[in-house]
Amino acid sequence: MKGQKAMIERELERELIQAVQMNGCLHSFQMLIKELNLYQQVFCFAQRYAKQGLDLEEIAQETLVRAFSNIQRFDPEKGRFRSWVFGIATHQIYDWLRKRNSRHIDEGWEPVTPQKSPEELVGVMQSEKVFIEAIEGLKDKYRRVFVFFYVEGMSQEEIAKQEGLSCNNVGTILNRARKQVSKSYKIRINSKSPRQRRQLSEETLSFVDIMPALTQRFASV
Numbered sequence: 717m718k719g720q721k722a723m724i725e726r727e728l729e730r731e732l733i734q735a736v737q738m739n740g741c742l743h744s745f746q747m748l749i750k751e752l753n754l755y756q757q758v759f760c761f762a763q764r765y766a767k768q769g770l771d772l773e774e775i776a777q778e779t780l781v782r783a784f785s786n787i788q789r790f791d792p793e794k795g796r797f798r799s800w801v802f803g804i805a806t807h808q809i810y811d812w813l814r815k816r817n818s819r820h821i822d823e824g825w826e827p828v829t830p831q832k833s834p835e836e837l838v839g840v841m842q843s844e845k846v847f848i849e850a851i852e853g854l855k856d857k858y859r860r861v862f863v864f865f866y867v868e869g870m871s872q873e874e875i876a877k878q879e880g881l882s883c884n885n886v887g888t889i890l891n892r893a894r895k896q897v898s899k900s901y902k903i904r905i906n907s908k909s910p911r912q913r914r915q916l917s918e919e920t921l922s923f924v925d926i927m928p929a930l931t932q933r934f935a936s937v
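Quick note on the numbering used here: the sequence shown kicks off at 717 and runs consecutively.
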């Protein structure tokens with residue numbers, strides 16, 4: 717029953733996306749956003765970075781505007797629409813932080829998020845690879861729940877419904893998955909050379925920095 721309902725929902729999603737791609741139908745796009753609860757999900761996703769001073773409503777609205785404007789680029793064969801939209805949201809967050817830092821510099825303020833040096837950017841790229849490997853090492857169920865929550869921005873309640881689990885079970889799996897990813901990440905760092913370990917320090921690793929790579933890698937779990 718659960719599988720049949722998921723198939724019906726996926727088919728409706730495809731039909732709405734096709735209508736928007738073929739005719740630019742705004743009504744179909746609005747139905748798609750409502751069906752997937754995307755405004756709220758993008759808002760909650762951006763809320764995780766609220767301490768950086770993000771304008772959450774602006775991020776959510778601009779993300780959906782860009783999704784509508786660029787929907788011709790979406791390929792349903794390469795992943796879910798929700799994941800694609802979260803990729804757009806990630807870039808919106810990046811752009812917002814970059815513009816804010818530029819404004820602060822012009823005004824003589826110190827940026828909250830410093831610009832990275834070439835060496836630090838190399839560290840971020842290497843961190844992406846190590847972190848993704850750590851996630852890929854999780855059991856299938858743990859990896860799905862981890863990606864649904866951290867990459868696709870789904871709530872624990874939504875994940876429970878999707879996976880046929882209780883909310884308590886989802887919380888337990890998330891907690892265990894976080895610990896396993898952290899442990900695996902540290903083990904992989906310690907296996908590197910001293911120079912690589914410095915580049916892969918936890919100070920270098922930022923979830924906002926690596927989110928585009930995570931979204932691209934885990935576009936569909």
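Every residue, glycine too, gets a C-beta built ideally from N, C-alpha and C.
**Prompt:** When the Cα atoms are used, what is the spatial distance from LEU732 to ASP811?
**Reply:** Their backbone Cα atoms lie some 29 Å apart in a straight line.
**Top-ranked residue by Cα proximity to SER900, from LYS855, SER882, GLN878, PHE847** = The option with the nearest alpha carbon to SER900 is PHE847.
**Item:** alpha helix (DSSP H) segment containing ASN885, residue limits
**Value:** 883-906 is the extent of the alpha helix (DSSP H) around ASN885.
**Prompt:** With distances taken between CB atoms, is the gap from CYS760 to GLY887 smaller than 7 Å?
**Reply:** Contact: no.
**Request:** For LEU728, name the three-state secondary structure that DSSP assigns.
**Result:** Residue state, collapsed to three classes: helix.
**Item:** Coil, strand or helix - SER871 by DSSP
**Value:** Here DSSP, grouped into helix, strand and coil, assigns SER871 to coil.
**Message:** According to DSSP, is ASN786 part of a helix, a strand, or is it coil?
**Reply:** Coil, per DSSP.
**Request:** Throw me the rounded Cβ distance for the PHE862 and ILE851 pair, which I believe falls under 8 Å.
**Result:** With a beta-carbon spacing of about 6 Å, PHE862 and ILE851 fall inside the 8 Å limit used to define contacts.
**Request:** Using only alpha-carbon positions, find the residue among GLN788, GLN737, ILE875, ARG904 that is nearest to GLU844.
**Result:** Among GLN788, GLN737, ILE875, ARG904, the Cα nearest to that of GLU844 belongs to ARG904.
**Request:** Inspect the CB distances between the stretch 742-752 and the stretch 768-779 and report whether three or more fall short of 8 Å.
**Result:** When C-beta atoms of the stretch 742-752 are compared with those of the stretch 768-779, fewer than three pairs fall below 8 Å, so the two segments do not count as touching.
**Request:** Output the distance between the C-alpha atoms of VAL801 and LYS902, rounded to the nearest integer angstrom.
**Result:** In this structure, the alpha-carbon of VAL801 lies about 31 Å from that of LYS902.
**Message:** Output needed for PHE797: all residues of its chain with C-beta closer than 8 Å, excluding positions within five of it in sequence on either side, in chain order.
**Reply:** Cβ neighbours of PHE797 beyond the five flanking positions: GLU729, ILE733, LEU748, LEU752, PHE790.
**Prompt:** Applying the criterion that 16 or more other CB atoms from any shown protein chain within 10 Å of the CB defines a buried residue, is GLY880 buried or exposed?
**Reply:** By the neighbour-count criterion, in which 16 or more other beta carbons inside 10 Å mark a residue as buried, GLY880 falls on the exposed side.
**Message:** So, with DSSP's three-state summary, where would you put LEU854?
**Reply:** Three-state DSSP puts LEU854 in coil, outside helix and strand.
**Request:** Classify SER898 as buried or exposed, calling it buried when 16 or more other Cβ atoms lie within 10 Å of its own Cβ.
**Result:** That one is exposed.
**Prompt:** Between the beta-carbon of GLN746 and the beta-carbon of ILE787, is there less than 7 Å?
**Reply:** Contact flag unset, no.
**Item:** Own chain partners of CYS883 with C-beta closer than 8 Å, once the 5 adjacent residues on each side are dropped
**Value:** The beta carbon of CYS883 sits closer than 8 Å to the beta carbons of GLN872, GLU873, ALA876 from its chain, once the five residues preceding and following it are set aside; these are given in chain order.
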